[in-house]
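Chemist: Under our numbering, the residue at position 545 of the sequence shown is numbered 545, and the numbers go up by one with no gaps. Just so it is clear, CB atoms sit at the ideal spot from N, CA and C, and this is done for glycine as well. Just so you know, these numbers come straight off a predicted model, no measurement behind them. Here it is, the structure in full.
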Amino acid sequence: MGNCIICGTPVDGEICESHEEDAVFEFRGTSPSQLTPGRYYRGTVDGYADFGVFIDIGDHVTGLLHRSELDQRLESLDWEPGDDVFVQVLDVRDNGNVDLGWSIRQREREFRGHLIETADGEYRPEEFEDESEDDTAAEATDEGEPESTDDESPAAGELQAGADETEPAAAEPAGAVSSSGSVATEAAAASTPTTDDAAETEAEEKEEPALKRTTVDAIENQVGSVVRLEGEITGVRQTSGPTVFELRDETATVECAAFKEAGVRAYPAVELEDIVALEGEVERHNGDLQIETESLDILEGEARETVVDRLESALEREARPDDVAPLADHDAVAAVEDGIADAATAIRRAVMEARPVVVRHGATADGYVAGAAIERAVLPLIREKHTREDAEYHYFERRPLDGRVYDMDAATNDVTSMLEARDRHGEQLPLVVLVDAGSTVESVDGYDLLSLYDAEALVIDDSRADDEITDAVSVAVAPSLAGADVSDVTSTALATNVAAHVNDDVRADLEHLPAVSYWEDTPEEYLELASEAGYDETGVSERREAVALEAYYQSYKDKRELIIDLLFGDGEDTDRPRNGDLAAHVSEQFRDKLETELETARENLTVEDVDGVTVSVLDTDAFTHRYNFPTTILLLDALHRSERDQSDAPYVTLGVGDDELHVRATEDVNVRDLGDAIAEAVPNGGVSVVGGADGHVEFLPGERDAVRDAALEALGETLA
Numbered sequence: 001m002g003n004c005i006i007c008g009t010p011v012d013g014e015i016c017e018s019h020e021e022d023a024v025f026e027f028r029g030t031s032p033s034q035l036t037p038g039r040y041y042r043g044t045v046d047g048y049a050d051f052g053v054f055i056d057i058g059d060h061v062t063g064l065l066h067r068s069e070l071d072q073r074l075e076s077l078d079w080e081p082g083d084d085v086f087v088q089v090l091d092v093r094d095n096g097n098v099d100l101g102w103s104i105r106q107r108e109r110e111f112r113g114h115l116i117e118t119a120d121g122e123y124r125p126e127e128f129e130d131e132s133e134d135d136t137a138a139e140a141t142d143e144g145e146p147e148s149t150d151d152e153s154p155a156a157g158e159l160q161a162g163a164d165e166t167e168p169a170a171a172e173p174a175g176a177v178s179s180s181g182s183v184a185t186e187a188a189a190a191s192t193p194t195t196d197d198a199a200e201t202e203a204e205e206k207e208e209p210a211l212k213r214t215t216v217d218a219i220e221n222q223v224g225s226v227v228r229l230e231g232e233i234t235g236v237r238q239t240s241g242p243t244v245f246e247l248r249d250e251t252a253t254v255e256c257a258a259f260k261e262a263g264v265r266a267y268p269a270v271e272l273e274d275i276v277a278l279e280g281e282v283e284r285h286n287g288d289l290q291i292e293t294e295s296l297d298i299l300e301g302e303a304r305e306t307v308v309d310r311l312e313s314a315l316e317r318e319a320r321p322d323d324v325a326p327l328a329d330h331d332a333v334a335a336v337e338d339g340i341a342d343a344a345t346a347i348r349r350a351v352m353e354a355r356p357v358v359v360r361h362g363a364t365a366d367g368y369v370a371g372a373a374i375e376r377a378v379l380p381l382i383r384e385k386h387t388r389e390d391a392e393y394h395y396f397e398r399r400p401l402d403g404r405v406y407d408m409d410a411a412t413n414d415v416t417s418m419l420e421a422r423d424r425h426g427e428q429l430p431l432v433v434l435v436d437a438g439s440t441v442e443s444v445d446g447y448d449l450l451s452l453y454d455a456e457a458l459v460i461d462d463s464r465a466d467d468e469i470t471d472a473v474s475v476a477v478a479p480s481l482a483g484a485d486v487s488d489v490t491s492t493a494l495a496t497n498v499a500a501h502v503n504d505d506v507r508a509d510l511e512h513l514p515a516v517s518y519w520e521d522t523p524e525e526y527l528e529l530a531s532e533a534g535y536d537e538t539g540v541s542e543r544r545e546a547v548a549l550e551a552y553y554q555s556y557k558d559k560r561e562l563i564i565d566l567l568f569g570d571g572e573d574t575d576r577p578r579n580g581d582l583a584a585h586v587s588e589q590f591r592d593k594l595e596t597e598l599e600t601a602r603e604n605l606t607v608e609d610v611d612g613v614t615v616s617v618l619d620t621d622a623f624t625h626r627y628n629f630p631t632t633i634l635l636l637d638a639l640h641r642s643e644r645d646q647s648d649a650p651y652v653t654l655g656v657g658d659d660e661l662h663v664r665a666t667e668d669v670n671v672r673d674l675g676d677a678i679a680e681a682v683p684n685g686g687v688s689v690v691g692g693a694d695g696h697v698e699f700l701p702g703e704r705d706a707v708r709d710a711a712l713e714a715l716g717e718t719l720a
C-alpha cells in the first residue's frame, strides 16, 4: 500500500483513480492490451494520414489520433515526425488498434505527476530506475561477473596508491569530512563570505538590470529567450492545464501561458482590458509562438497611461486608410467615401484589438458575395496580427441571415454567443458588421440589444435606409442616406470598396466581385474590372448563379470553402476543382431549377389592368414549391424580368402568399407607403412593413383577399 502521488490518498499503487487524468504516463510495455484507457501518455509522432495522425506510444505500440478528435484542423497541426506529444488513450480495440484523443496539455509540467507504466504496473521514475539498476546488477551476477566488496578488493588500495603517485589529491570541499575524520574548518572559514561581502553580493543580484521591452512582432526570432512585453490583456481562458492570457501590444497579439497547477487560474487578479507588463520565455507550442509566462504585473498610474497612449497612437496610425480610392468611378460609392473609410477603420481596429469580427449578411447572391469580400480582406490581417495559426477561425465568422432585417432573433443569437465566448474563453465582445441587411428601422431593436453590452455594430447596405439607423450603429455605409440614387448599386459594390480599404493587399482579388452581384444593368466600369481580372461575362454570370444556388442550401451556414472555390479558386490545388469548372457546373443546375419553376409560375399568373397599370398576380403559396429552390423572392425577381417587356404601360409583378405580399415594378414603388395605404383600407388586417421602402408587406392570413384588393387599388392610384 502506497500513497497517491497527487493527493496522498492511500492506494494500492502510485495514483488514485480520481487523479489518473492529472498524471502523464510513459509507456514501457510491449502490447496495446497493457495500456489503460482514460490515461494520458507521452508519445512520438509517427506520421500523417488523411484521417489523422499516427502516434507511437512507447517503442512497441502505435495509435491513431483521428482528425475528429482534434480541437483544430488537421492541416493546421505543426507536428513533425519524431516530435514528442501528449495524447489520451480512449480505447484499445480487440484487434489491437488504439484510439487516441487530443490533449490540450502539451507539456509535461502541465500535468501534476509523471509515472512510468509497464506490464506489471506503474512506477515513479526514480523507483523504475532503481529497479532497472537492480535488474542490471542481478543480470551481471547471473552471467558470472564478480561483485566488488571491500574484503575482496585488495587491488583497490593499490589503485589509490597509483593514483597518488601520478596525480595530486583533489582538494576537499569546505566543511567536508577528511579521510582521518576531522572537519576541514580552515577551508570552510576561508571560503565563507563575511557579512559585508554577503550584503554586497545580494545588492549586486538585486541591481540586475531589468529586461528591455520588446514587441510581439519581433519575438519570432527570439525563441528560447526571455522577453518583456507590455500591452493589453484581450483574452483569458482557463484550460485543464495552464491559464492562457492573450496580450496585445502595438504590433500584434500573442498567447501567454501561465501555470499554477493543472486547471487552476494563474494570476487571478488579471482580467480583460488590464494593461500589464509580462516577462517570459518565447516558445513554439504546436507550431504557434507562445510566451511561457514567468511574471505578470498589472500596470497602474503613469506606467499604464504610457502603454495606453502607445497602443492608441499605433491604432490610429495603422487602422485608418491614408486615402479613399474607389475601385471604379461610381456616383453611389463616391457619395459614401467617408463612410467607407470609417467602416474600414472600424474593422481594422477590431482586428488589431483582438476583437472577433462577425459578418451578418443576407442569404442571397449579393449577400454572400458581399460577405465574402469582407472575409477576403480580414482573414490575412488576422493571420498577420495573431500568432495562433488557427486564429482566423476564432476571430472571424460569417453568419447568414434569413432576411434583410437584423431582428431580435438574430441579435439574441449573437448576444448569447458573444457572452458565452466571453465567459468561457475570455474573448472580447465582437464587432458586428451587417452587410446587405440591417439599414431600416426594423433593425433598431437588435442594435439596441447589442449596445446594452457595449458591442459595436456597423452596416453596409444598398437599400433605401432609414435615418434612425445612423444613431443605432457606429457607421452606416448607405448611399441613400447621402441622397444618392441607389438603383444602380449593390451591397457587394459597397462592401468590396470597404474591403479594399481594409486590406489593400487583396484589392486585385476583389475587382471582379461587384460585377458578379448584378443580375442586370451592370455598370460598365465593373464589367471592365472583371474583364481585366480575367472574368468574361459568362464567367461572371456563372459565378452569380452558382452562389445564388448554394446560398439557398444550408442557408444558415457560411460555406466558407465552397464560396472561396466559386469566387476565388484558381485550380492550382489538384484536390479541388477549378473555380470556373465548379461555377459552370453549379450554374447549370441553377438555370434548370429556375426555369422549371418559371414555367409553372407563368402558367398561373393572373394579369389585371388597374387604371392603365398592368399587374401580374401570382399566388406564391399555391403555385410555388415552398421548400424547393428558388426562393419566392428570387423567383419573383426572375419572373418580373422575363415578363415586364410585354407591356408598354407600367408593369407590376405582385406575389401574394398566405401572410406576405411582395411587389416588383418598372416604376419606383415605396413599399412602406404601399403598406400604409393597405393598412388604412384593411384596418383589422394586422398590416406591417418589413424591410423598409424596399421590403415586403405582412398581414393576417384571414384578411388575404382584402389585402390583395387593397394593394391593387393602391398600385393603380400610385402608378397610373
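Rounded to the nearest angstrom, how far is the Cβ of S491 from that of I469, given a contact under 8 Å?
Modeler: In fact, because the Cβ distance is near 14 Å, the residues do not count as touching under 8 Å.
Chemist: Counting only runs of 3+ residues fully inside the segment 639–697, write out the beta strand (DSSP E) ranges in chain order.
Modeler: The segment 639–697 contains these whole beta strand (DSSP E) runs: 651–656, 660–665, 688–690.
Chemist: Going by C-alpha to C-alpha distance, which of A681, G691, T718 sits closest to R708?
Modeler: A681
Chemist: Can you tell me the Cβ-Cβ gap for A341 and R320, rounded? I've got them flagged as a contact below 8 Å.
Modeler: Going by Cβ atoms, the distance from A341 to R320 rounds to 7 Å, so yes, they are a contact pair.
Chemist: From which residue to which residue does the beta strand (DSSP E) around T62 run?
Modeler: 61–66
Chemist: Assign Y526 to one of three DSSP states: helix, strand, or coil.
Modeler: helix
Chemist: Could you tell me the alpha carbon to alpha carbon distance between F396 and Y556, rounded to whole angstroms?
Modeler: 16 Å
Chemist: The alpha helix (DSSP H) with E514 in it runs from where to where?
Modeler: Checking the sequence, you will find Pro at residue 514 rather than Glu. For P514, the enclosing alpha helix (DSSP H) stretches over residues 513–516.
Chemist: Tell me the DSSP secondary structure of L211 in three-state form.
Modeler: coil
Chemist: Nearest by alpha-carbon distance to L510: which of A377, I460, D565 is it?
Modeler: A377
Chemist: So, with DSSP's three-state summary, where would you put F245?
Modeler: Here F245 sits in strand by DSSP.
Chemist: Looking at C-alpha atoms only, which residue of I460, G580, I275 is the closest neighbour of A346?
Modeler: Of I460, G580, I275, the residue nearest in Cα terms is I460.
Chemist: How long is the line joining the alpha carbons of E302 and E392, rounded to whole angstroms?
Modeler: 35 Å
Chemist: I need the boundaries of the alpha helix (DSSP H) containing L566, first residue and last residue.
Modeler: 560–567
Chemist: In the DSSP assignment, find the beta strand (DSSP E) that holds G52 and state where it starts and stops.
Modeler: 52–57
Chemist: I'd like to know whether the C-beta atoms of L639 and A601 end up nearer to each other than 8 Å.
Modeler: Yes. Within cutoff.
Chemist: Determine the direct distance from the alpha carbon of E599 to that of P630, and round the result to whole angstroms.
Modeler: 13 Å
Chemist: Please report how far the alpha carbon of V53 lies from the alpha carbon of S103, in whole angstroms.
Modeler: Approximately 13 Å between the Cα atoms of the pair.
Chemist: Using the beta-carbon count (16 or more within 10 Å), is G162 buried or exposed?
Modeler: Interpretation of G162 is limited by its pLDDT of 37, a score under 50 that renders its predicted location unreliable; the figure taken from the coordinates is listed afterwards. Per the 10 Å Cβ criterion, exposed.
Chemist: State the DSSP-derived secondary structure class of F27, mapped to helix, strand or coil.
Modeler: strand
Chemist: From what residue to what residue does the alpha helix (DSSP H) around F590 run?
Modeler: 579–603
Chemist: Just to confirm the assignment, what range does the alpha helix (DSSP H) spanning A455 have?
Modeler: Looking at the DSSP string, A455 is not in any alpha helix (DSSP H), and its letter there is neither H nor E.
Chemist: Checking the sheet assignment: what are the DSSP bridge partners for I275?
Modeler: E232
Chemist: I need the straight-line Cα distance from P268 to F699, nearest angstrom please.
Modeler: 55 Å
Chemist: Please state whether the Cβ-Cβ distance between G657 and D705 is less than 8 Å.
Modeler: no
Chemist: Candidates Y48, V669, D467, G58: which alpha carbon is nearest T30's?
Modeler: Looking at Y48, V669, D467, G58, the one whose alpha-carbon comes closest to that of T30 is G58.
Chemist: How do the segment 479–489 and the segment 280–292 stand: do at least 3 beta-carbon pairs fall below 8 Å, yes or no?
Modeler: no
Chemist: Would you mind sorting K385 into buried or exposed? The rule is 16 or more other CB atoms within 10 Å of its CB.
Modeler: buried
Chemist: Are there 16 or more other CB atoms within 10 angstroms of the CB of F86, so buried, or fewer, so exposed?
Modeler: buried
Chemist: Measuring CA to CA, which of G446, T239, P356 is closest to Q721?
Modeler: For the chain, the structure presents residues 1 to 720; residue 721 sits outside this window and is missing.
Chemist: Which residues does DSSP list as the beta-bridge partners of N503?
Modeler: DSSP lists no partner for N503.
Chemist: Could you check what DSSP says for V98 in three-state terms: helix, strand or coil?
Modeler: Three-state result, V98: strand.
Chemist: Do the segment 682–702 and the segment 400–408 make contact, defined as three or more Cβ pairs closer than 8 Å?
Modeler: The answer is yes - the segment 400–408 touches the segment 682–702, with three or more Cβ pairs under 8 Å.
Chemist: With three or more beta-carbon pairs closer than 8 Å as the criterion, would you say the segment 249–260 touches the segment 360–371?
Modeler: no
Chemist: Looking at the unbroken beta strand (DSSP E) that takes in S439, where does it start and where does it end?
Modeler: Looking at the DSSP string, S439 is not in any beta strand (DSSP E), and its letter there is neither H nor E.
Chemist: For E420 versus R398, is the C-beta distance shorter than 8 Å?
Modeler: No, these two residues do not count as a Cβ contact at 8 Å.
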